[in-house]
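Student: Shown below is the structure under consideration.
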Amino acid sequence: MENRAALVAPHFDRELIARYDVNAPRYTSYPTALHFRDDFSETDLFDCIRASNDDPIPRDLSTYIHVPFCLSPCFYCGCARIITHDSRKADTYLTRLYREIEQVAARFDRDRRLAQLHFGGGTPNFLDISQMLELIESLGRHFSFSRDAGREFGIELDPRFCDGEYARQVAEAGINRVSIGVQDFDPAVQQAVTRIQSVEET
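Numbering (the numbering used here), first residue to last: 101 to 302.
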């Protein structure tokens with residue numbers, strides 16, 4: 101039998117398209133870059149954390165961990181990144197990141213659960229699996245991970261450099277969402293943006 105849903109022409113709301121067809125800052129990050137100020141100090145940050153701890157009902161926490169390393173540039177990407185093949189740079193970065201995690205986590209009350217965690221980049225799976233698992237373990241040691249079914253622990257994985265074993269192990273460590281960064285499967289577009297990623301690799 102013919103699938104009638106496949107025969108329905110798509111509906112485009114021209115008014116909605118016109119409303120959002122404007123130049124605006126990228127909304128992939130929140131808060132957007134326009135909200136950051138040079139005069140917001142470490143003291144201001146700690147004051148905000150302290151005030152948020154004073155809420156009578158503890159609010160869940162969300163955190164983003166940026167892994168800035170990439171083996172090659174993707175020309176569509178506007179994120180902060182370091183192009184390198186030197187895995188030792190990750191070791192130096194992680195040493196500093198562990199210290200920051202410890203210092204910042206200590207400011208939050210322990211009854212506040214970490215319910216949203218996202219590893220972005222860069223290329224998070226630039227880290228080998230032992231480094232990634234150690235990073236997740238460090239976060240779990242210093243924050244109270246939510247155990248709710250609705251928690252969102254996500255990671256961006258470049259499938260060109262990720263095998264099933266890596267994905268399986270991060271899933272066992274608690275990751276339950278994955279973004280694989282498909283921009284386009286048209287070879288000409290992939291060549292133009294230097295993100296050569298076949299359907300088979302993906």
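The beta carbon of each residue, even a glycine, is placed where N, CA and C say it ideally should be.
On a predicted model such as this, the values are computed, not experimentally measured, just so you know.
Do the CB positions of residue 219 and residue 183 come within less than 8 Å of each other?
Tutor: Position 119 of the sequence shown, counted from the first residue, corresponds to residue 219. Position 83 of the sequence shown, counted from the first residue, corresponds to residue 183. Taking 8 Å as the Cβ cut-off, residue 219 and residue 183 do not qualify as a contacting pair.
Student: Does DSSP classify residue 164 as helix, strand or coil?
Tutor: For the purposes of this step, residue 164 is identified with residue 64 of the sequence shown, where counting begins at 1. Residue 164 falls in the strand class under three-state DSSP.
Student: Can you tell which of 262, 163 and 177 has the C-alpha that lies nearest to the C-alpha of residue 335?
Tutor: Residue 335 lies beyond the stretch modelled for the chain, which goes from 101 to 302, so this question has no answer here.
Student: Classify residue 299: buried if its beta carbon has 16 or more other beta carbons within 10 angstroms, exposed otherwise.
Tutor: The residue you call residue 299 lines up with position 199 of the sequence shown. So residue 299 ends up on the exposed side.
Student: Residues in its own chain within less than 6 Å of residue 279 by CB, not counting five upstream and five downstream?
Tutor: Here residue 279 refers to the residue found at position 179 when the sequence shown is read from its first residue. Once the five neighbours on either side are set aside, the close Cβ partners of residue 279 are 256.
Student: Between 223, 259 and 275, which has its C-alpha nearest residue 180's C-alpha?
Tutor: The residue given as residue 180 occupies position 80 in the sequence shown. For residue 180, the nearest C-alpha among the options comes from 223.
Student: In the DSSP assignment, find the unbroken alpha helix (DSSP H) run with residue 226 in it and report its ends.
Tutor: The count along the sequence shown starts at 1 and reaches residue 226 at position 126. Note, residue 226: premise wrong, no alpha helix (DSSP H); not H, not E.
Student: Tell me whether residue 275 is buried or exposed, calling it buried when 16 or more other Cβ atoms sit within 10 Å of its Cβ.
Tutor: Sequence index remark: in the sequence shown, residue 275 carries index 175 (1-based). Burial call: buried.
Student: Taking only three categories from DSSP, how would you classify residue 240?
Tutor: Position 140 of the sequence shown, counting from 1, holds the residue named residue 240. Helix at residue 240.
Student: My guess is that residue 229 and residue 266 are in contact by the Cβ rule of under 8 Å, so how many angstroms apart are they, rounded?
Tutor: For this step, residue 229 is matched to residue 129 along the sequence shown. For this step, residue 266 is matched to residue 166 along the sequence shown. At roughly 5 Å, the Cβ-Cβ gap stays under 8 Å, so residue 229 and residue 266 are in contact.
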